[in-house]
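Just so you know, the working numbering puts 122 at position 137 of the sequence shown, and the rest follows in order with no gaps. Ideal Cβ positions, reconstructed from N, Cα and C, are used throughout, including at glycine. Quantities reported herein were computed from a predicted structural model and do not represent experimental measurements. Take a look at the structure below.
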Amino acid sequence: MQLVDSTTIGTALSMTSRGVRKRAQRESWEYSERQSNGGAQQVYHFEALPSEVQAKVALHLLQTGQIKPAESPDQTPKTVKRSASGYDRDSLWSWYDSRPQTIKDEGTRRAGYCLKVRALLDSGLKVRPALAEVARVEGVSLASLKRWWYGDTLIIGAANVDRTDFAAALAPRYAGCQDYAEFSQDAWDWIKADWLRPEQPSAAAVYRRAQSIAKQNEWALPSLATVKRRLEALPWQVRVLAREGEEALKRMLPHVTRNKSSLHALEVVNADGHIFDLRVTLPSGEVGRPVLVAWQDIYSGKILAWRVGETLNQHIVRLAFGDVVEKYGVPEHCFLDNGREFANKWLTGGAKTRFRFTIREDDPIGIFTQLGINVHWTTPYHGQSKPIERAFLDLCEGISRHPACSGAYTGNSPVTKPSNYGSRALTWDEFLAVVQEGITEHNARTGRRSQTANGRSFEQTFAESYATSMIRKATAEQRRLWLLAAEGVTVIQSGHVAILKNLYWGEAVAGLAGRKVVVRFDSDNLSLPVHVYDLAGEYIGEASCTQANFLDAQAAKDHARANRQKIKAAKAQLDAERKMDAIEAAQALPNVVPMERPASSVIVPMFEKAQKVANGPDVDEMPSDERYILDILSRMPRRTEEDF
-14 MQLVDSTTIG
-4 TALSMTSRGV
6 RKRAQRESWE
16 YSERQSNGGA
26 QQVYHFEALP
36 SEVQAKVALH
46 LLQTGQIKPA
56 ESPDQTPKTV
66 KRSASGYDRD
76 SLWSWYDSRP
86 QTIKDEGTRR
96 AGYCLKVRAL
106 LDSGLKVRPA
116 LAEVARVEGV
126 SLASLKRWWY
136 GDTLIIGAAN
146 VDRTDFAAAL
156 APRYAGCQDY
166 AEFSQDAWDW
176 IKADWLRPEQ
186 PSAAAVYRRA
196 QSIAKQNEWA
206 LPSLATVKRR
216 LEALPWQVRV
226 LAREGEEALK
236 RMLPHVTRNK
246 SSLHALEVVN
256 ADGHIFDLRV
266 TLPSGEVGRP
276 VLVAWQDIYS
286 GKILAWRVGE
296 TLNQHIVRLA
306 FGDVVEKYGV
316 PEHCFLDNGR
326 EFANKWLTGG
336 AKTRFRFTIR
346 EDDPIGIFTQ
356 LGINVHWTTP
366 YHGQSKPIER
376 AFLDLCEGIS
386 RHPACSGAYT
396 GNSPVTKPSN
406 YGSRALTWDE
416 FLAVVQEGIT
426 EHNARTGRRS
436 QTANGRSFEQ
446 TFAESYATSM
456 IRKATAEQRR
466 LWLLAAEGVT
476 VIQSGHVAIL
486 KNLYWGEAVA
496 GLAGRKVVVR
506 FDSDNLSLPV
516 HVYDLAGEYI
526 GEASCTQANF
536 LDAQAAKDHA
546 RANRQKIKAA
556 KAQLDAERKM
566 DAIEAAQALP
576 NVVPMERPAS
586 SVIVPMFEKA
596 QKVANGPDVD
606 EMPSDERYIL
616 DILSRMPRRT
626 EEDF
């Protein structure tokens, strides 16, 4: 039992110790005596004090820290509590979290008062005195405090929940207006169908059209404000998809930030094509917008190799990839979009994940497949899936808008054409010089803020990792895969292969007439020999061009000399294979006894001697060949007038 002296009681009641003793004597408070330095001292039993005195003394002891609330969370209240049926903490806090901040603030304020009541109860005070004291000290309505403590039809009440749930349990549950304007379901469906369109009509226009047909259909329509609230209450995904399209919805969805720090240089590369916003005189003589194909290292962001051309095609893609392997080595992974320039069978044939073109058994094995590169496909025109799209944005600023390109810039859309549009076209050499300078500056620029650069340039980041990484190198035989183009052809009966109307012949190829082969050739110089492979990628041999200029005598002499050498070599090979000549082979055969000739039973016709032609020479005097012709003509049927 707690004992308190007159000094403590006087401080809580704002009285002197003498005044406390007089009141205690007057009201007969129960007390005991204990020895102190000044002699015997009266101390009073806390639970025997009047209830209002208990409340004030308990609050004073709590505020001064002389007593503390119970440490163990005793959920059993000090009074008979109401039934807490339906009390679920998860659903309670889920509801509380969905309320506006003003509701949460009110719940927190009420919880503060009830926590003080709980502290007085834990100190031993009764419920009613504790409620009365907190209401007096805090200046709140005692009726409101009782409702918060015991609960009502809208709130559970602090007495029925754990102290940690006071804020959620005491938050106001304003019901608001429960009456809804009459709204026909058919009218609501019609309004949604009209409003959820890509044309994005306004709600007011939709409402006017709904009013015009509501009477004839006997629809009940609420006010325009109600319709607007109902439309805005639709899920945002539905509104964006229907009115703005799938691409707009994709932009609002979260993207994945991929970490590159676990990679190393040349482990993963990606490539894409970019059409420059420049007017350039192309090698064909026409003025157009050239195309860039660039290969980028994903770890560092460096542009490893690039090629330009008049159009985007697999030829420049292959040449640019060859530059990467020649300079640095073979990457492990490659990210490409599913465009026909990258997903063609000459680059990715044989890959299990190729989803473009019909896959046939006689398709050639692609370059990436033969080099053991894992190909990953990305979404075309989706910049988030290929880091090189971000590099193209820099190149637009560094190249297309370079001062050297003034007058040749076209703008990136028809509505962003500069005022000097069409005033100039770059020459091909000028364009190549600007591209070379722009890409070099892009790689060497310091201050990059990527995960791996940390203020360095792309060039420095790549060089540091490349020096300590295990990189696969290509062999001389593998260089044929990217340095030469490839085309599946059939060897013709003469042993030639035809490429772009040029004929090529090789000893190893001549015996493959009628078979399909793969020919790798340099499309920029068709006079060079081509290399022939079978469809499985096995090297067959080399074939040289057999065509020459009509007046090129030297080429004809070289071709004749080559043929003589081939014949001489074939004779030597034949001598090596043939161990005996034909005479020796004939002598080894057994003697054949001639068979007796049977008598002929065929009747031999008798022909008269040829007569002399009038006014002509004797038939016997003619040469033998002329007599033969005349003899044949005499046997032929003669034509009559009916034949004409």
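Which runs of the alpha helix (DSSP H), 4 residues or longer, sit entirely within the segment 393 to 453? 413 to 429 and 443 to 451
What does Ser17 pair with, by DSSP beta-bridge criteria? Val28
Ordered along the chain, which non-local residues of its own chain (more than five positions away) have a Cβ less than 8 Å from that of Gly499? Thr475, Val476 and Gln478
Taking 8 Å as the threshold (C-beta atoms), are Ala250 and Tyr451 in contact? yes
What does a CB cutoff of less than 7 Å around Met0 pick up in its chain, not counting 5 residues either side in sequence? none
Assuming Val420 contacts Val293 under a Cβ cut-off of 8 Å, what Cβ separation, rounded to an integer in Å, is found between them? 6 Å
Between the alpha carbons of Leu209 and Thr138, how many angstroms are there, rounded? 35 Å
Extent of the continuous alpha helix (DSSP H) run through Trp180: Gln170 to Trp180
Count the other C-beta atoms from every protein chain shown that fall within 10 angstroms of the C-beta of Pro316, then say buried if there are 16 or more, exposed otherwise. buried
Cβ pair count under 8 Å reaching 3, the segment 183 to 197 against the segment 123 to 135: no
Helix, strand or coil: how does DSSP classify Gly496 here? coil
Tell me, which residues are paired with Gln631 by DSSP? The question about residue 631 has no answer, for the chain in this structure spans -14 to 629.
CA-CA distance, Ala(-3) and Leu127? 21 Å
Determine which residues share a DSSP beta bridge with Thr363 and list them. Asp322
Pick out whichever of Val517, Leu497 and Ala493 has its Cα sitting closest to the Cα of Ala555. Ala493
Beta carbon of Thr437 nearer than 8 Å to that of Tyr284: yes
Exposed unless 16 or more other CB atoms sit within 10 angstroms - verdict on Arg103: buried
Between the C-alpha atoms of Leu248 and Arg224, what's the straight-line distance to the nearest angstrom? 41 Å
Which stretch, first to last residue, makes up the alpha helix (DSSP H) that contains Gly(-5)? Ser(-9) to Leu(-2)
If you pair each beta-carbon of the segment 374 to 384 with each one of the segment 416 to 435, do three or more pairs fall below 8 Å? yes
Which same chain residues, not among the five before or five after Ser70, have their C-beta less than 8 Å away from its C-beta? Note that Ser70 scores a pLDDT of 47, beneath 50, so its modelled location is shaky and nothing firm can be said.
Beta-carbon contacts of Lys245 that lie in its chain and below 7 Å, excluding the five residues immediately before and after: Ile283, Tyr284, Gln436 and Thr437
Is it right to say Gly258 is buried, meaning 16 or more other beta carbons lie within 10 angstroms of its own, or is it exposed? buried
Got a sec? Which residues, its chain only, sit under 7 Å from Lys111 by beta carbon, not counting five neighbours each side? Ser36
Run of the beta strand (DSSP E) containing Tyr159, from where it starts to where it stops: Unbroken run through Tyr159: none, as it is neither H nor E.
I'd like the span of the beta strand (DSSP E) that includes Tyr192, first residue to last. Careful: Tyr192 lies outside any beta strand (DSSP E), inside the alpha helix (DSSP H) at Ala188 to Asn202.
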